[in-house]
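Here the structure comes first, spelled out in structure tokens, and everything after it is commentary.
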């Protein structure tokens with residue numbers, strides 16, 4: 003019997019837990035409340051900060067609480083063009099301007115949005131990485147169709163909120179890392195996921211692809227869906243293998 007392989011060890015956490023103690027905090031839209039559902043709130047951008055382990059900058063936005071004498075401080079994903087001292091309006095009756103947050107059902111087709119909610123009230127789940135954005139394609143009675151950063155099209159409820167604009171920090175991946183030291187520091191702030199040792203470079207006890215003279219797998223890399231965890235590496239439940247050939251055809255499901 004072989005060792006517990008890396009994929010199994012990652013599931014348990016341990017040394018593979020993410021490094022979060024130095025991070026700024028949870029970055030999300032405001033919790034959905036009556037004020038946002040029926041009117042709007044005005045906040046002010048107090049500061050724009052770097053969040054370690056995140057490519058996009060983070061905006062610290064302060065709102066006056068609509069329910070008690072207090073200041074609500076929120077952390078928003080920063081859209082390109084937001085500046086300190088800017089007023090940000092959130093809610094159903096907010097205007098269509100960079101940095102404002104409003105339901106996707108109230109935005110016209112072709113609007114560029116980011117930090118999009120997948121389900122109503124989840125505070126933003128899609129298009130949050132630097133330089134990413136979604137595009138509103140069309141509306142139905144209850145849903146809005148959006149084009150994801152991957153090119154995939156998806157329908158979400160009209161009441162889902164989104165920020166207008168593109169996430170700041172775009173072009174980050176265009177500069178090459180060039181040396182191992184930069185990759186080391188990049189992933190040190192994220193989690194223990196670098197460097198990655200190839201399976202064929204291991205011993206048979208450490209990985210199903212390990213061992214043998216010359217580094218080779220020695221058997222098909224496809225593996226069934228219900229394989230035991232120590233065996234489940236490679237192309238899992240692959241429908242097809244090999245190079246993608248021919249032109250890509252995108253079928254619109256209207």
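Residue numbers (this note's numbering): 3 to 256.
Idealized CB from N, CA, C, for every residue including glycine.
Remember, predicted model here, so these are calculated numbers, not experimental data.
Rounded C-alpha distance that separates residue i from residue j
i, j, result
"residue 114", "residue 137", "5 Å"
"residue 76", "residue 14", "32 Å"
"residue 213", "residue 205", "5 Å"
"residue 239", "residue 220", "19 Å"
"residue 85", "residue 47", "7 Å"
"residue 82", "residue 70", "32 Å"
"residue 235", "residue 225", "7 Å"
"residue 164", "residue 34", "12 Å"
Residue(s) in a DSSP beta bridge with residue i
i, result
"residue 143", "The partner list for residue 143 (beta bridge, DSSP) is empty, contrary to what the question assumes."
"residue 148", "138 and 156"
"residue 113", "Its beta-bridge partners do not exist; DSSP assigns none."
"residue 176", "According to DSSP, residue 176 bridges with nothing at all."
"residue 76", "63"
"residue 2", "An answer regarding residue 2 cannot be provided, because it is not within the stretch 3 to 256 covered by the chain."
Sequence-distant residues of the same chain with beta carbon closer than 8 Å to residue i, five excluded per side
i, result
"residue 207", "4 and 5"
"residue 182", "197"
Buried or exposed (CB count within 10 angstroms, at least 16 for buried), residue i
i, result
"residue 36", "exposed"
"residue 101", "buried"
"residue 132", "buried"
"residue 209", "buried"
"residue 147", "buried"
"residue 89", "exposed"
"residue 126", "buried"
Close beta carbons around residue i, own chain, < 6 Å, minus the five adjacent residues each side
i, result
"residue 130", "79 and 117"
Opening and closing residue of the alpha helix (DSSP H) in which residue i lies
i, result
"residue 272", "The structure shown does not extend to residue 272, since the chain spans only 3 to 256, so no value can be given for it."
"residue 164", "Looking at the DSSP string, residue 164 is not in any alpha helix (DSSP H); the run it does join, the beta strand (DSSP E), is 163-166."
First through last residue of the beta strand (DSSP E) which encompasses residue i
i, result
"residue 2", "A query on residue 2 cannot be resolved here, the shown segment of the chain reaching from 3 to 256 and no further."
Any non-hydrogen atom of the ligand GTP within 7 Å of residue i CB
i, result
"residue 174", "Only the bare structure without any ligand can be found here, which leaves the ligand GTP out of the picture."
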